[in-house]
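Peer 1:
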Amino acid sequence: MNLPTTETEVRKQSILRLRAGLLLLAGFVLMCAFGGYFIATKIGLGWGWAILIAVVIWVGIGVVLARMSPKVYYGLALVVTLLLAYLVYDFVTTALGWSGTIAALLGALATAFLAFTFHDFQRLKKELRRLVYREYR
0 MNLPTTETEV RKQSILRLRA GLLLLAGFVL MCAFGGYFIA TKIGLGWGWA
50 ILIAVVIWVG IGVVLARMSP KVYYGLALVV TLLLAYLVYD FVTTALGWSG
100 TIAALLGALA TAFLAFTFHD FQRLKKELRR LVYREYR
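Read in order, the letters of the sequence shown correspond to residues 0 to 136 in numbering that gives the first Met the number 0.
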């Protein structure tokens with residue numbers, strides 16, 4: 000993979016290339032949609048309210064993520080990643096009955112993938128911020 004070296008090559012590179020951070024973004028959108036549907040269903044509201052609640056949740060999470068410092072973000076990412084590693088290990092050993100070695104290997108693989116995804120999402124957030132500030136100057 001050739002990385003851009005000059006400033007003009009960096010500007011020409013599209014922000015919408017295939018990246019793991021987009022998976023996390025899609026996960027956040029899906030989580031907000033399910034959250035809006037869940038809340039609307041519990042209150043007894045219809046689909047319109049569910050969509051509105053999902054958008055409010057999505058904007059709220061976006062504001063929190065945009066204002067979050069990198070230390071807090073990576074700390075939260077570490078907690079979520081370690082929780083995922085434990086859940087994968089526990090599921091593979093108890094529910095599937097596989098050996099501890101295979102469970103540890105799958106847990107490490109899921110941890111590495113999620114850690115890379117969180118890191119790429121942080122980079123995507125910085126690139127989006129630079130793009131927006133460059134466009135509205």
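Don't be surprised by glycine CBs; every beta carbon is placed ideally from N, CA and C.
Excluding the 5 residues preceding and the 5 following G99 in the sequence, name in chain order all residues of the same chain whose CB lies nearer than 7 Å to its CB.
Peer 2: As a working mapping, residue 99 is identified with position 100 in the sequence shown. If we look at G99 and ignore the five residues flanking it on each side, its Cβ neighbours are T92.
Peer 1: In or out: L113 buried (at least 16 other Cβ within 10 Å) or exposed?
Peer 2: Counted from its first residue, the sequence shown places residue 113 at position 114. The residue is buried, with at least 16 neighbouring Cβ atoms inside 10 Å.
Peer 1: Can you give me the C-alpha to C-alpha distance between L81 and A111, rounded to a whole angstrom?
Peer 2: Counting from 1 along the sequence shown, the entry for residue 81 is found at position 82. Counting from 1 along the sequence shown, the entry for residue 111 is found at position 112. So the two alpha carbons sit approximately 10 Å from each other.
Peer 1: Could you say which of L127, T116, R128 and K125 lies nearest to G23 if we only look at CA atoms?
Peer 2: Taking the first residue of the sequence shown as position 1, residue 23 is located at position 24. The question names Gly, yet the displayed sequence has Leu at residue 23. For L23, the nearest C-alpha among the options comes from T116.
Peer 1: Go ahead and label Y132 buried or exposed: buried means 16 or more other beta carbons lie within 10 angstroms of its beta carbon, across all protein chains shown.
Peer 2: Looking up residue 132 in the sequence shown gives position 133. Classification for Y132: exposed.
Peer 1: With 16 as the cutoff for other CB atoms within 10 Å, does I52 come out buried or exposed?
Peer 2: Reading the sequence shown from its first residue, position 53 is the one you call residue 52. Looking at its Cβ environment, which holds 16 or more other Cβ atoms inside 10 Å, I52 is buried.
Peer 1: Compare the Cα-Cα distances from I60 to each of A94, G106, R129 and V28 and report the closest residue.
Peer 2: In the sequence shown, residue 60 corresponds to position 61, counting from 1. The shortest C-alpha separation from I60 is found at V28.
Peer 1: Can you give me the C-alpha to C-alpha distance between V62 and K124, rounded to a whole angstrom?
Peer 2: Within the sequence shown, the letter at position 63 stands for residue 62. Within the sequence shown, the letter at position 125 stands for residue 124. One C-alpha to the other measures close to 12 Å.
Peer 1: When the Cα of Y72 is compared with those of Y88, F120, L105 and A84, which residue comes out closest?
Peer 2: Here residue 72 corresponds to residue number 73 of the sequence shown, with the count starting at 1. The residue with the shortest Cα to Cα distance from Y72 is F120.
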